[in-house]
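Written below as C-alpha cells is the structure these notes are about.
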Amino acid sequence: MASEPVIVARNLTKRFGAFTAVDNISFEVMPGEIFGFLGANGAGKTTAMKMLSGLLSPTTGEARVAGYDVFTQAESIKSRIGYMSQRFSLYEDMTAWENIRFYGGIYGLRMDAIRDKAAQLLGRLGMEHVRDSRIGALPLGWKQKLAFSVALLHNPAIVFLDEPTGGVDPLTRRQFWELIYEAAASGVTIFITTHYMDEAEYCGRVSIMVDGRIEALDTPGGLKQAFDAQSMDEVFVRLARGAQYAE
Amino acid sequence: MSAVQAEALRKTFGNVTAVEDLSFAIEHGELFGCIGPDGAGKTTLFRMLTSLLVPDAGSATVMGCDTVRDYKQLRRRIGYMPGRFSLYQDLTIEENLAFFASIFGTTVEKNYEMIADIYRQIEPFKKRRAGQLSGGMKQKLALSCALIHKPDILFLDEPTTGVDAVSRREFWEMLRRLKEGGMTIVVSTPYMDEAGKCDRIALMQKGHILGIDTPDNITGSYARPLLDMRGADVYRLILALREFPHTHSVFAFGESVHYTDSRSSADPEALAVFLRSRGFANITIEPIRASVEDSFMELLEQHDG
C-alpha cells in the first residue's frame, strides 16, 4: 500500500439554509504532503475543515479522511487527526506537563507512554525547564510550538493547522515551519490555513477557495505560472478579487 | 510641536514590563507604523497614547495635549480603532455610526464628507447588524466610526490582523487616501510586509523599539552580506546550509532561502561548491537587499544577545 491518499473529497457540499458555504469541492491529499488551504475570510475554509475533521456533517458529497467516512465514522476520524489553531491550543491555567497529560489522556494514551512522550517532546523543543510552568506565562512562540507538538502526541495521520502562526514574530514563525517540515518528512500530512502569503510558498500544493468553491489547486510554482504572477500574493489577490460574497 | 511626543513611557503589569521607557516623536501628517509580534507592547502603547491607560513613568503628548492631564481635550481630537472588534454587534451599521457621532456631540450628516469615501462602500447594507458583517465590512464600519467626529489623528490597533490579503490591501489603500487628506495616522501591525506602506516605522519587541526610521533607511542599514538562494527542496537546502562553516543564519523566505554570512563578505562561489558536494544541483545564488523582515530578524537577534 504505497501511497493511498489520506484525504479524499468528492463533490463535498455544505449548505446552511439557502446559503452554500462549501460548494461541490473535490480534491485528494497524499500522506506527508504539506497542503495549503487558502481563501479570503468567508470563502468556506472553516466549514470545509470542520467537515474533514468530523465536526460537521456534509450536506451532500463524500469524503474519506485517514480511511474513514465523514458521514458514518466521524468519531474514528477524530482519533486519527490532530488540530491546532492560533485561537485554541493549550489550556493557559495548566502547566506544560498538565496539558500534555490531559491531551494524552483524551487520545487514550497510557500514563507511561504519556510520560515518555512528554520527556521526548520537551527535550526536542529545549523546553524541559518550563515543564511545570503555567502555559499562560510562556511567550506566544513557545506556546505555539508546544501546541503543535501536543497536536502530534497521538501520532495522527493528519494535523489540521488553522492560522497557527498569527501574531508570532518572524523568527519564531520560521522555527514553527521547521517543525512542520520535520513532521511532514516523518509522514504526517499537514493541512494548513494561513494569511501569510510567503507561507503559501512553503506548501507542497495550495488550494484557493473563492465563494465556497476551489478555484485553483496546484504547486505554488504551477499556480504562479498559470496566473502569470510573480508571487502567491498576486495569485491570491487575482482570484479572491473576483469573489461574490465574503464571510 | 510633533503630533505625538513620548518621553520615557513605561507600563508594567505585575512582573511584566509591557512598555519599557519608550521615547519617540511622530510628525503631523505622517503615516507611522508600529510593527511587531504579539507581546511587543503595541496595544499598551496605543492605550497610553489614547489616555485609556495611565503610564507608570514618563509622559506623552498627542496634538499638544498631555495624555494624563488633558485627557478630556485629547479624547475629542483622536480617533481610535481598537484591535478587537469594538462595534455594537446588535446595532445596525447606521445605528453604530449614529451612536459614535452622538457621543462626540455631532451627527453623521454634519461630518458625512469625512467618511464618505469609506462609508459609501458599506452604505447599501446600512440596515444590517454589525454582528453579521464580513471582516472587511466590519473594518470599514469601525474606521468610519473612528472618523465620524473629525479627529486630527487616528490610532489604529492591528486593523488588518487575521484579515485576508485582499481586504488588507484595500484597507491600506483607504489609509493612503486619508493620509493624502492630511490625517496623521498611527497604525500597528504584526505583518512585516505592510511596513513598506508607512512613512516611518518602529520595529517593536517585548516593550522595546528595536529600530525607528523610514522603511528604506531601516533596510539600508542592514549590515550583513545577504544572499537569496533558490532550488528544489527548500527544507533540505536549509539544513545543508546550516552546516556551511561561515553561515550566520539561514531562513526560508517564501519560495527562496535567505542566507547571511558571518564574515564581512559572502563567497557565493564557495557556497555553490559546498552545495554541489552535498548533492544540490541548480541552486541559484544572488546577493539581494534586505527586506524589513530580514532587518527585524537581525535586530531581534542582536537584541536577544
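Note that the protein sequences, when read in sequence, are chains U and G. Residue numbering for the first sequence follows this note's numbering, beginning at 768 and increasing consecutively. Residue numbering for the second sequence follows this note's numbering, beginning at 38 and increasing consecutively. Quick reminder that beta carbons are idealized off the backbone N, C-alpha and C, glycines included. Predicted, not measured: the structure shown is a model, and the values here were computed from it.
Of all C-beta pairs linking the region 326-333 of chain G to the region 223-239 of chain G, three or more are shorter than 8 Å, placing the two stretches in contact. Taking a Cβ-Cβ cut-off of 7 Å, the neighbours of residue 944 (chain U) in chain G comprise 289, given in sequence order. Take residue 827 (chain U), set aside five residues on each side of it, and the residues of its chain with a beta-carbon closer than 6 Å to its own are 780, in chain order. Residue 307 (chain G) places its beta carbon 8 Å or farther from that of residue 322 (chain G). Taking all protein chains in view, the Cβ of residue 903 (chain U) is surrounded by fewer than 16 other Cβ atoms within 10 Å, so the residue is classified as exposed.
Residue pairing by DSSP places residue 44 (chain G) opposite G:96 in a beta bridge.
Around residue 934 (chain U), the beta-carbon contacts reaching into chain G at under 8 Å are 74, 75, 198 and 227. In the three-state DSSP reduction, residue 853 (chain U) falls in the coil class, being neither helix nor strand.
Nearest to residue 336 (chain G) by alpha-carbon distance, out of G:289, G:282 and G:239, is G:239. When the Cα atoms are used, residue 846 (chain U) and residue 72 (chain G) turn out to be separated by approximately 40 Å. Across the structure, residue 234 (chain G) and residue 332 (chain G) are spaced so that their CA atoms are roughly 16 Å apart.
Residues of the region 968-983 of chain U with a C-beta less than 7 Å from any C-beta of chain G: 968 and 969, listed in chain order. Neighbours of residue 948 (chain U) in chain G, taken as residues whose beta carbon is under 7 Å from its own, are 272 in chain order. Assignment of residue 870 (chain U) by DSSP, reduced to helix, strand and coil, places it in the helix class. Neighbourhood of residue 941 (chain U) in chain G, by CB distance below 7 Å: 288 and 289, in chain order. Taking the C-beta atoms as reference points, residue 928 (chain U) is found no nearer than 8 Å to residue 913 (chain U).
If the five residues before and after residue 97 (chain G) are omitted, its C-beta is found closer than 8 Å to the C-beta atoms of 41, 42, 43, 44, 46, 85, 86, 103 and 104, all from its own chain and listed in chain order.
In the DSSP assignment, residue 133 (chain G) falls within the unbroken alpha helix (DSSP H) covering 130-140.
With respect to the C-alpha of residue 92 (chain G), the residue from G:49, G:76, G:101 and G:289 having the closest C-alpha is G:49. Within the region 818-850 of chain U, the complete beta strand (DSSP E) runs of at least 3 residues fall at 827-832. The beta carbons of residue 955 (chain U) and residue 923 (chain U) sit closer together than 8 Å. A check of alpha carbon separations from residue 82 (chain G) across G:120, G:178 and G:203 identifies G:120 as the nearest. In the structure shown, residue 879 (chain U) falls within a helical segment according to DSSP collapsed to helix, strand and coil.
Under the 8 Å criterion on CB atoms, residue 333 (chain G) is classed as interfacial with respect to chain U. For residue 337 (chain G), the closest Cβ of chain U is nearer than 8 Å.
Between the beta-carbon of residue 100 (chain G) and that of residue 236 (chain G) there is about 18 Å, and that puts the pair past the 8 Å contact cut. Look at residue 340 (chain G) here: in three-state DSSP terms it is helix. The region 247-257 of chain G makes no contact with the region 279-299 of chain G; the number of CB pairs closer than 8 Å stays below 3.
DSSP lists U:974 as the beta-bridge partner residues of residue 984 (chain U). If you draw a straight line from the Cα of residue 875 (chain U) to the Cα of residue 917 (chain U), it comes to about 14 Å. Rounded to the nearest angstrom, the Cβ distance from residue 930 (chain U) to residue 896 (chain U) is 29 Å, too far for a contact under 8 Å. Among the CB atoms of chain U, one or more fall inside 8 Å of the CB of residue 172 (chain G). For residue 260 (chain G), the three-state secondary structure derived from DSSP is coil.
Contact check between the region 947-954 of chain U and the region 974-983 of chain U: fewer than three CB pairs, one atom from each, fall below 8 Å, which does not count as touching. If you compare the alpha carbons of G:271, G:143 and G:125 with that of residue 966 (chain U), the shortest gap goes to G:271. Beta-bridge analysis with DSSP links residue 62 (chain G) to G:42.
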